[in-house]
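Protein chains in written order, with our numbering: chain A, 1 to 207; chain B, 208 to 847. Idealized CB from N, CA, C, for every residue including glycine. Before any comments, here is the structure.
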Amino acid sequence: MYFFKRLLLIFLLLSSSAVAEKLITKKLQERALKKYGPFAKNRFVAIDKKLLHKLKNANEMKKLNAINTWVNYIHYASDRKLYGVSDYWATLYEFVGKNKGDCEDYTIAKYYLLKALGIDPHKMKFAYVIYKNRRGKRISHMVLAYLKVPRPRTKDDILILGNNNRLVLPASKRPDLVKLVKMINGDTGPKSKKWKKLEANMKRKKL
Amino acid sequence: MTLFKQMALAVSFIIIFVLGSVMYINYQSAKSDMIEALYENSVNNISSLQNKLALTHGEEADIISTIDSEFDSGYYRMIEYTSADGTFSYRQEDKDPIEGVPAWFIDFADIQIKPITADVNDGWNFLGKVTIIADPTSIYRGLYKNFIKLLYLFAIAVALSLLLVGVMLHFILKPLKRIQNQAEAILRNEFVIETKEPYTTEFKEVSHAMNAMVKKVEEIFNKANEAAKRNQELLYNDPVTKLFNRRYLMVRLPELLEMENKIAGGSILLLAIDGAVHINEKLGRQEGDKFFLQFAEILREATQAYDDRLLARVNGTEFTAVLPDCEEFMAEHIAREIFDDFEALLIEKELDPTLVLINMGIFRYHPKTSLSEALTKADDALTKAKADERKQIYVYEQNNQVPALPKEQWRKILEESIQNDYLALKFWPTLDLRTKTINHKVMTFTIHYAKEKEIPYGDFIGPAISLGLVAKIYLVALKDLLAKAHPELLNSVVSIRLSNEFLKDSHAFEALQKLFQNYSKQLKFQLYFEVADNFAISNTATVKGYVDLFKKYNFGFGINSFGGASGDYTYLKELNPDFIKADVTFLLDQTQESMHALEVITRSLGIEIIASFVKTQEELERLLKLKIDKIQGPLTEKLQ
């Protein structure tokens, strides 16, 4: 009896670690099918098959562009509309599942997908910026910043992955981002309350 | 509640109170320390937030972005900014419930974090106000962990100290337990002297006092016993031969005649010695007495096989031997033996056998024989023996003997009755003269054999004894009493007389034990078992075994046919009966001194006296004068 218990425990540990490493699992796809319908499931299948699998061996620029383009297909909606609160950091799964989200959700999704594709997370920063729209209104915004080199000297060394522009451009080519307020690390930096919560939600694949 | 429990409870309360207070103080100081630390941290935070917001120059998007980034990368419950003119305000707030701590604890701890407010200035320009509330989650978590730890500590500390207190109290109060045991023993009328001296002064004194008391009571008992013995001898014994006297014979004979045994009845032997004048002349007064003593010895020896015998010297030259369970021919055999020994004694004493003669009359009696009939018929036989010079032993001729049922027929009746339970239980009342109520009933049983034929106890018990079926038949009757419902007995006291034959049967004890095991719990009345006095005297150890069994199942125990045959009441001390039943004639025959001694003995042992066979109102009044207020017998039914 004891032996079987141990065997079962080892099996569970192995299987759970195998599952934890994969960003998109079969089980998740089934859950998405139940909660959001066949299209949601297809989106996850597409991420798994078309993005993650095909881009596995592509170069970094190609990865950045493909992910940016793909994620930007998702529609914009405010947190208040989606979750009923002023500010909510959705998981990749909630975002893709709902097919809707705000600027933070785009940034988070891109971050996790690129990380899964093997991009060094230290190179990716969550940037709080001020964005000036076409009518000249200043808006608080968030984008994913990719550092080409560890210590960037000019705006050219930083690539911006935002949801207002479908291209991945260096910061120097983005005059609409008038000010950088703050840059924080992803899950590699000091863990704030928000990050802890997000990580926990990502781990249990909150849909 | 015992002293041990009270003390343990008091000490436990103190321990729990002290430990609880320590825990409370510990918890409270941890709480205030944590809140203070969080406050200090918040002051630092608001200072840096003030600086960052100053850099926005009041741009709304910048303020929002700054607050968002600050809120996202830190630990806040709320950040709020309001511009000086009140036209713009922005607020970030975490409304999620606190995780990792149970809800009851959040209610219990109830931590109030006060908001901190600071002004935001751009140079000399007053931009607005920022307010922050720090996140108390860490305090809740820390306090909860602390709380659980304290709780465990508290539980362990309480358990350990209570254990310690228990052990200590047990040690300290041990002598008290012994004193309690002694007190209980005294209540059970056992005389226990506590030899171990308690360490605690108060207990020591109590122990000494109780020992002294026990000794005094024992002394009283012993003195009364001595007095009773002396009185008994004076009252009932012939001083020369130490045989019983006529008085005792008359008191005891009715009971002996009714005694149940194998053959239903027994034999009475009257012996008369002629030539007392010659004996006294020849031997002198002293030697003459010795002659009679030797003759008494002959009598004792010849009848020693009969446990229930009664030997009495009725007057100077006449003797009576009552031999229950002794058949006619056996009595004749015994008489012949006595005769031979008597002849030998005459030769030894060089007495003239033509002048000193012995004549004996024998009468075979049955349970229904009355006292006068028995004595007259035995005397008749003796007269015939005296008249006949050639024949010294005469047996009374029974002309019209009732033909008895053959043994095999009895066996059939009894075995069928046992098998099919043809027994019917009967209950006779005992009257309490003080309360005028009947709450004590005596059980006996009859056999309902065939439809109309009811065989009374007295008729079948003899054959049952000789067939060895007494134990079995009693067990059936007892099972009837214990296992079946008897609504008429609800809350009353029932007593059963156990036959000597039952008590003698070696299997009966185990069967009784099993019966008690199965049925004693559901009884709705108090049950007493009675044992005959003479049996209790000669088989004290056996009866003691039964008494212990009765006590184990909370049954009472009593002695009936109390006759004071020995005059020594120490067996009462050992058996410790709840009551003794004595024939009314016996009780009324006692002298004042012997009654007093009996009273002292029964009082000191907590024994109740019940008078049986009470027939007349006069007897009843005399009993009341003797302070005996429980009676049985024909009068009870009349009074009822």
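Terminal residues of the alpha helix (DSSP H) in which B:I223 lies: Counted from its first residue, the second sequence places residue 223 of chain B at position 16. Unbroken alpha helix (DSSP H) run through B:I223: 210 to 261.
Chain B residues whose Cβ lies nearer than 7 angstroms to that of A:V181: Indexing the first sequence from 1 puts residue 181 of chain A at position 181. Near A:V181 (Cβ distances below 7 angstroms), the residues of chain B are D269, S272, T273, S276.
CB contact below 8 angstroms: B:S280 versus chain A: For this step, residue 280 of chain B is matched to residue 73 along the second sequence. So, interface residue.
Extent of the continuous beta strand (DSSP E) to which B:E300 belongs: Sequence index remark: in the second sequence, residue 300 of chain B carries index 93 (1-based). Residues 296 to 300.
Continuous alpha helix (DSSP H) stretch holding B:P531: start and end: Here residue 531 of chain B is taken as the residue at index 324 of the second sequence, counted from 1. Premise fails: B:P531 lies in the beta strand (DSSP E), 525 to 531, not in any alpha helix (DSSP H).
Where the alpha helix (DSSP H) through A:M202 begins and ends: The sequence position of residue 202 of chain A within the first sequence is 202, counting from 1. Start and end: 193 to 203.
B:Q720: contacting residues in chain A (beta-carbon distance under 8 angstroms): Position 513 of the second sequence holds residue 720 of chain B. What B:Q720 touches in chain A: nothing, since even the nearest Cβ is about 46 angstroms away.
Exposure of B:Y443, with buried meaning 16 or more beta-carbon neighbours within 10 Å: Position 236 of the second sequence, counting from 1, holds the residue named residue 443 of chain B. Burial call: buried.
Beta-bridge partners of B:P636, as assigned by DSSP: Here residue 636 of chain B is taken as the residue at index 429 of the second sequence, counted from 1. BP columns for B:P636 point to B:K648.
Per-residue contacts from A:R138 into chain B (C-beta, under 8 angstroms): For the purposes of this step, residue 138 of chain A is taken as the residue at position 138 of the first sequence. E266, E267, A268, D269, listed in chain order.
Members of the segment 326 to 342 of chain B that neighbour chain A once the beta carbon cut-off is set at 7 angstroms: D342
A:I24 - DSSP class collapsed to helix/strand/coil: Stepping through the first sequence from its first residue, residue 24 of chain A is reached at position 24. A:I24 falls in the coil class under three-state DSSP.
Reduced DSSP secondary structure (H/G/I, E/B, other) of A:D48: Position 48 of the first sequence, counted from the start, is the residue given in the question as residue 48 of chain A. In the structure shown, A:D48 sits in a helix (DSSP, three-state: H, G or I).
At least 3 beta-carbon pairs within less than 8 angstroms: the segment 136 to 147 of chain A vs the segment 265 to 285 of chain B: yes
Runs of beta strand (DSSP E) lying entirely within the segment 90 to 156 of chain A, each at least 3 residues, in chain order: 124 to 132, 138 to 147
Per-residue burial, A:P190 [other beta carbons within 10 Å of its own, 16 or more giving buried]: On the first sequence, position 190 is the one that residue 190 of chain A refers to. Per the 10 Å Cβ criterion, exposed.
Member of B:F499, B:Y513, B:F502, B:S228 whose CA lies at the smallest distance from the CA of B:S474: For the purposes of this step, residue 474 of chain B is taken as residue 267 along the second sequence, with counting starting at 1. If we check each option's Cα against that of B:S474, B:Y513 comes out closest.
Distance between B:V447 and B:Q493 (C-alpha atoms, nearest Å): Locating residue 493 of chain B in the second sequence gives position 286, where the first residue counts as 1. Locating residue 447 of chain B in the second sequence gives position 240, where the first residue counts as 1. Roughly 10 angstroms separates the two Cα atoms.
DSSP state of B:A739 mapped onto helix, strand, coil: For the purposes of this step, residue 739 of chain B is identified with residue 532 of the second sequence, where counting begins at 1. Looking at B:A739 - three-state DSSP - the assignment turns out to be strand.
Start and end residues, beta strand (DSSP E) containing B:P557: Mapped onto the second sequence, residue 557 of chain B falls at position 350. The amino acid occupying residue 557 of chain B in the given sequence is Glu; Pro does not appear at that position. Unbroken run through B:E557: none, as it is neither H nor E.
First through last residue of the alpha helix (DSSP H) which encompasses B:K619: Position 412 of the second sequence holds residue 619 of chain B. From DSSP, the alpha helix (DSSP H) with B:K619 extends over 614 to 627.
Residue-chain proximity (A:K205, chain B), Cβ-Cβ < 8 angstroms: Residue numbering aside, residue 205 of chain A sits at position 205 when the first sequence is read from its first letter. It does not: the Cβ of A:K205 has no partner Cβ on chain B nearer than 8 angstroms.
Within the segment 436 to 470 of chain B, ranges of the alpha helix (DSSP H) (whole runs, at least 4 residues): 453 to 465
Alpha-carbon spacing of A:W195 relative to B:F333, whole angstroms: For the purposes of this step, residue 195 of chain A is taken as the residue at position 195 of the first sequence. For the purposes of this step, residue 333 of chain B is taken as the residue at position 126 of the second sequence. Roughly 34 angstroms between the two C-alpha positions.
Element boundaries [alpha helix (DSSP H), containing B:F570]: Your numbering for residue 570 of chain B matches position 363 in the second sequence. Element bounds for B:F570: not the alpha helix (DSSP H) but the beta strand (DSSP E), 564 to 572.
N-terminal and C-terminal residue of the alpha helix (DSSP H) that B:D314 is part of: Your numbering for residue 314 of chain B matches position 107 in the second sequence. From DSSP, the alpha helix (DSSP H) with B:D314 extends over 310 to 316.
Where A:A66 falls: helix, strand or coil (DSSP): In the first sequence, the residue the question calls residue 66 of chain A occupies position 66. It is helical.
Interface flag, B:Q319 vs chain A, CB-CB below 8 angstroms: In the second sequence, the residue the question calls residue 319 of chain B occupies position 112. Judged by the 8 angstroms Cβ criterion, B:Q319 is not in contact with chain A.
Chain-ordered chain A contacts of B:Q729 [CB-CB under 8 angstroms]: Here the question's residue 729 of chain B lines up with position 522 in the second sequence. Simply none; closest approach about 46 angstroms.
Cutoff 8 angstroms: A:I24 Cβ touching any chain B Cβ: As a position in the first sequence, residue 24 of chain A is number 24, starting the count at 1. For A:I24, the answer is no, since every Cβ of chain B falls outside 8 angstroms of its Cβ.
Neighbour list for A:I160 in chain B, Cβ cutoff strictly below 7 angstroms: Locating residue 160 of chain A in the first sequence gives position 160, counting from the first residue. The contacting residues do not exist; A:I160 stays about 15 angstroms from chain B at best.
Contacts that B:Q299 makes with chain A (C-beta to C-beta distance below 8 angstroms): Looking up residue 299 of chain B in the second sequence gives position 92. Simply S86, D87.
Contact check, B:L552 vs B:I486, beta carbons under 8 angstroms: If you number the second sequence from 1, residue 552 of chain B lands on position 345. If you number the second sequence from 1, residue 486 of chain B lands on position 279. Contact: no.
Delimiting residues of the alpha helix (DSSP H) encompassing B:V374: Along the second sequence, read from residue 1 onward, the residue named residue 374 of chain B stands at position 167. Element bounds for B:V374: 344 to 394.
Chain A within 8 angstroms of B:K302, Cβ atoms only: Counted from its first residue, the second sequence places residue 302 of chain B at position 95. Chain A, which has a Cβ nearer than 8 angstroms to the Cβ of B:K302, makes this yes.
Exposed unless 16 or more other CB atoms sit within 10 angstroms - verdict on B:P343: Position 136 of the second sequence, counting from 1, holds the residue named residue 343 of chain B. Burial call: buried.
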